[in-house]
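Student:
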Amino acid sequence: MRYSSYRSQFIPKTLLGRGLLGELEPLIVFDNVSAGYRVLKGFWSLFPRVRLVLHNVSFTAYPGDKLAIIGESGAGKTTIIKILLGLLKPVSGRVLVFGKDLYTLKSSERMKLYRRIGYVPQDPGRSLDPKLQVIDILAEPLEAQGVPWRIIEDKARKVIGFVGLSDKVLDMYPDQLSGGMQQRVLIARALIHDPEVLILDEPTSALDVSIQAQIIKLINKIYEARRLTLILVTHDLAVAQYIADRGIVLRKGIIVEEGALEELIKEPRSEYTRLLVKSYMFE
Ligand SMILES: Nc1ncnc2c1ncn2[C@@H]1O[C@H](COP(=O)(O)OP(=O)(O)OP(=O)(O)O)[C@@H](O)[C@H]1O
Ligand SMILES: [Mg+2]
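In terms of the working numbering, the sequence shown opens at residue 122 and continues consecutively.
What follows is the structure, given as structure tokens:
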């Protein structure tokens, strides 16, 4: 499928969750994926083995989707993102991105896919290089593609304004910025190459409540303006509800529930989702 056809399949929010998803070409498919990390400590360093942290995970994201991956700390949310970004090869199962089997592709082909994805990592403070000015942080994804500096500067100015920051920020260093501003810079970096998919890993959890609301507003604005597909990782059901339409609930590396968020919150089927909903109500 060609570049334009995924974007043209964008479906407005109102149509999601009404049984229309099945007719679209999937954008991301996790098919029975199990994955884990090598255990290298102590006795096991003699017999390296993988401790599984994801167990037969299957889900699909469609163009225009706003999908939340919900679960408590250690559930395996970031591990799913690492797999999506080609950073952790599953032990078994298949991962399709834009219709391509990610882990059988040549690295040059994989690089082409990454250009279509924007990624906002967990923990803004630690994800920004303190030695780089914001303009250089924003330039990174485009420099890697050989884009001329004049165009990079122009795009940086546009995107920094779009995320609600002034041009002056371009000459500043990360430690001169507040947590909310740092998060906006990371979002700008993820958007500068005009991706079709935006992946956000816990975009609000490091921020004060009032700043959280601003970032949620920004994410919703991005979705409306850029017509992209959102994959949101969060431990917070309220954040999921403000941003996403559909959710998968992950517990200890297993999907325990999946569906339209509204229904998932109103009528949770699994015991674990029920607990999440309860703690959300009492907050
Ligand atoms: N590099 C690593 N090496 C070994 N184990 C890891 C590594 N990264 C994560 N894990 C383990 O894998 C499991 C899932 O971790 P993951 O980071 O995916 O969880 P998470 O849902 O993103 O949690 P959080 O909300 O705290 O970010 C955890 O048990 C974690 O300790
Ligand atoms: Mg995580």
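A virtual CB, placed ideally from N, CA and C, is assigned to each residue, including glycine.
1. Would you please state the rounded distance, in angstroms, between the beta carbons of residue 245 and residue 359? I believe it to be under 8 angstroms.
2. Could you tell me the distance, in whole angstroms, from the CA atom of residue 282 to the CA atom of residue 259?
3. Are there any heavy atoms of ligand 2 lying less than 6 angstroms away from the beta-carbon of residue 199, as far as the coordinates show?
4. For residue 173, which residues from the same chain have a beta carbon less than 8 angstroms from its beta carbon, with the 5 sequence-adjacent residues on both sides left out?
5. What residue range is occupied by the uninterrupted beta strand (DSSP E) comprising residue 326?
6. Nearest by alpha-carbon distance to residue 353: which of 368, 261 and 380 is it?
7. What are the uninterrupted segments assigned as beta strand (DSSP E) that are 3 or more residues long and contained completely in the region 184-253, given in chain order?
8. Kindly indicate the opening and closing residues of the alpha helix (DSSP H) around residue 365.
9. Cβ atoms of residue 316 and residue 376: under 7 angstroms apart, would you say?
10. How is the alpha helix (DSSP H) around residue 283 delimited, first residue to last?
11. When we look at the beta-carbon of residue 393 and count the other beta-carbons within 10 Å, is it buried (16 or more) or exposed?
12. Would you report the Cα separation of residue 255 and residue 270, rounded to the nearest angstrom?
13. Compare the Cα-Cα distances from residue 384 to each of 399, 366 and 372 and report the closest residue.
14. Within 10 angstroms of its Cβ, does residue 225 collect 16 or more other Cβ (buried), or is it exposed?
15. CB-CB under 8 angstroms to residue 307, same chain, minus the five flanking residues each way: which ones, in chain order?
16. Cα separation between residue 339 and residue 285?
17. With distance defined between alpha-carbon atoms, name the residue in 314, 318, 190 and 209 nearest to residue 380.
18. By Cβ distance below 8 angstroms, which residues in the same chain neighbour residue 222 in space, the five residues on each side in sequence not counted?
19. Beta-carbon within less than 7 angstroms of residue 341's beta-carbon, same chain only, minus the 5 sequence neighbours each way: which residues are those?
20. Name the two residues that bound the continuous alpha helix (DSSP H) containing residue 384.
21. Can you tell me whether residue 302 is buried or exposed? The criterion is at least 16 other CB atoms within 10 Å of its CB, across all chains shown.
22. Under a three-way DSSP split, which group does residue 265 fall into?
23. Go to residue 352, then tell me how far its beta strand (DSSP E) extends in each direction, as first and last residue.
24. Assign residue 178 to buried or exposed, taking buried as 16 or more other Cβ atoms, counted over all protein chains shown, within 10 Å of its Cβ.
25. Use the C-beta contact count for residue 406: other C-beta atoms within 10 angstroms, 16 or more gives buried, fewer gives exposed.
26. Do you know how far the Cα of residue 371 is from the Cα of residue 388?
27. Is residue 254 a contact residue of ligand 2, with contact defined as CB to any heavy atom under 6 angstroms?
28. For residue 171, count the other beta carbons within 10 Å of its own beta carbon; 16 or more makes it buried, fewer makes it exposed. Which is it?
29. Under the DSSP definition of a beta bridge, which residues are partnered with residue 180?
30. Within 6 angstroms: the Cβ of residue 400 and any heavy atom of ligand 1?
Tutor: In terms of the structure at hand:
1. Actually they are not in contact, since the Cβ atoms of residue 245 and residue 359 sit about 20 angstroms apart, beyond 8 angstroms.
2. Pairing residue 282 with residue 259, the inter-Cα distance amounts to about 13 angstroms.
3. Indeed, a heavy atom of ligand 2 lies less than 6 angstroms from the Cβ.
4. So the qualifying residues of the chain are 155, 156, 157, 212 and 374.
5. Per DSSP, residue 326 lies in no beta strand (DSSP E) and is assigned neither H nor E.
6. That would be 368, whose Cα lies nearest to the Cα of residue 353.
7. Annotation note: the region 184-253 contains the following uninterrupted beta strand (DSSP E) runs of length 3 or greater, listed N- to C-terminal: 187-191, 213-218 and 238-241.
8. First-last for residue 365: undefined, no H or E at that position.
9. Taking 7 angstroms as the cut-off, the Cβ atoms of residue 376 and residue 316 do not count as close.
10. It spans 270-283 - the alpha helix (DSSP H) in which residue 283 sits, taken as one unbroken run.
11. Label assigned to residue 393: buried.
12. If I take the Cα positions, the gap works out to 14 angstroms.
13. Of the listed residues, the one whose Cα sits closest to residue 384 is 366.
14. With fewer than 16 Cβ atoms within 10 Å of its Cβ, residue 225 is classed as exposed.
15. Contacts found: 241, 242, 245, 248 and 249.
16. Our two residues, residue 339 and residue 285, have alpha carbons roughly 8 angstroms apart in a direct line.
17. Of the listed residues, the one whose Cα sits closest to residue 380 is 190.
18. Shown here for residue 222: same chain residues with a beta carbon closer than 8 angstroms to its own, the five before and five after excluded, namely 215 and 216 in chain order.
19. Only 364 meet the Cβ criterion.
20. Its alpha helix (DSSP H) spans residues 382-387.
21. Buried, by the Cβ-count rule.
22. Correct three-state label for residue 265: coil.
23. It spans 350-355 - the beta strand (DSSP E) in which residue 352 sits, taken as one unbroken run.
24. With at least 16 other beta carbons inside 10 angstroms of its own, residue 178 counts as buried.
25. Not covered by the structure: residue 406. The range shown for the chain is 122 to 404.
26. The straight-line gap from Cα to Cα measures roughly 17 angstroms.
27. It does not: the Cβ of residue 254 is nowhere closer than 6 angstroms to a heavy atom of ligand 2.
28. By the C-beta density criterion, residue 171 is exposed, having fewer than 16 other C-beta atoms within 10 angstroms.
29. BP columns for residue 180 point to 151.
30. False, no ligand heavy atom lies under 6 angstroms from that Cβ.
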